[in-house]
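Below: one structure, written as structure tokens.
Residue numbers (mature numbering (1 follows the signal peptide of the UniProt record, and there is no 0)): -26 to -1, 1 to 234.
Structure follows, in structure tokens:
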């Protein structure tokens, strides 16, 4: 009986881990542009909002070290936007290393979806409910009108203000907007990620209790060696056009997502 249970658990754990790994491997992450704080691969952000966004992002980093960036793409091509944004965040290394004070606002135009990915170091300042409220009240109405410049500008400026407040500084270039109340805001954004992670954790614990962790150890070694050669963060440090690169920060999957 025990052997059958172990065989079932090992098969289930293998499927879950390899499926997560295959999703990460299949995602095509774009190369960071030299504008750093605004990576618009669709060309929907116009002046003067474009220049204002760059100015706010630069001021935020100079005063706090935190890095906030916007990425606008045509489509995630079938990949859940939560998986795409997390892989992009980690690949670029948004935020400072060991501080993880990065923020990513990902907008997929054709999919009509958005995702706010928050670095570990900023999860206290920008909880899921707040990031969702900012996007629903300050970005979504403009997106519905096709005015992406205004929606992105308003939400980005507000996120940067929130981060600046966490560091007890004020941004001179921001719009200093007030976030309206939003009764229907929920934390649905990260539940799928947390649920799948919880299942894997439970299976790991069962394997440790029943089998001394041998199955988990073997599977982790397989995944580790399969990822050798994929490389580290593409953001790097310095050397990218006018604004330099990112600092090697990471995210644990916190944030919110939605659509319009």
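Using N, Cα and C, we set each Cβ at its ideal position, and we do this for glycine too.
To which residues of the same chain is residue i closer than 7 Å at the C-beta, ignoring the five residues directly before and after it?
i           : result
residue 92  : 77, 100, 105, 225, 228 and 229
residue 131 : 30, 148, 149 and 151
residue 127 : 23, 26 and 27
residue 49  : 82, 84 and 85
residue 165 : For residue 165, the predicted structure reports a pLDDT of 48, less than 50, and the residue's modelled location is therefore unreliable. A value from the coordinates is still provided. Counting only Cβ-Cβ distances below 7 Å, and skipping sequence neighbours, we find nothing.
Helix, strand or coil for residue i? Go by DSSP, reduced to three states.
i           : result
residue 40  : coil
residue 144 : coil
residue 245 : For the chain, the structure presents residues -26 to 234; residue 245 sits outside this window and is missing.
residue 248 : A question about residue 248 goes unanswered here, because the residues of the chain that appear run from -26 up to 234.
residue 88  : strand
residue 105 : helix
residue 222 : strand
residue 229 : strand
residue 111 : helix
residue 27  : helix
residue 239 : The chain is shown from -26 up to 234; residue 239 falls before or after that span and cannot be answered.
residue 56  : helix
residue 1   : coil
residue 242 : Past the edges of the chain, shown from -26 to 234, lies residue 242, and the structure says nothing about it.
So residue i packs on residue j, CB below 8 Å; how close in whole Å?
i           : j          : result
residue 44  : residue 82 : Not quite, the Cβ-Cβ distance comes to about 12 Å (not below 8 Å), so this is no contact.
residue 1   : residue 61 : 5 Å
residue 123 : residue 19 : 5 Å
residue 95  : residue 75 : 4 Å
For residue i, I'd like the list of residues in its chain whose CB is within less than 6 Å of its CB, leaving aside the five on either flank, ordered along the chain.
i           : result
residue 80  : 45, 59 and 89
residue 234 : 86, 114, 117 and 118
residue 35  : 41
Beta-carbon within less than 8 Å of residue i's beta-carbon, same chain only, minus the 5 sequence neighbours each way: which residues are those?
i           : result
residue 112 : 125, 128, 129, 132, 151, 153 and 154
With DSSP as the reference, identify every bridge partner of residue i, one or two as the case may be.
i          : result
residue 45 : 13 and 80
residue 70 : 221 and 222
So, do the region 35 to 50 and the region 65 to 76 have three or more beta carbon pairs nearer to each other than 8 Å? Counting Cβ pairs under 8 Å, three or more are found: they touch.
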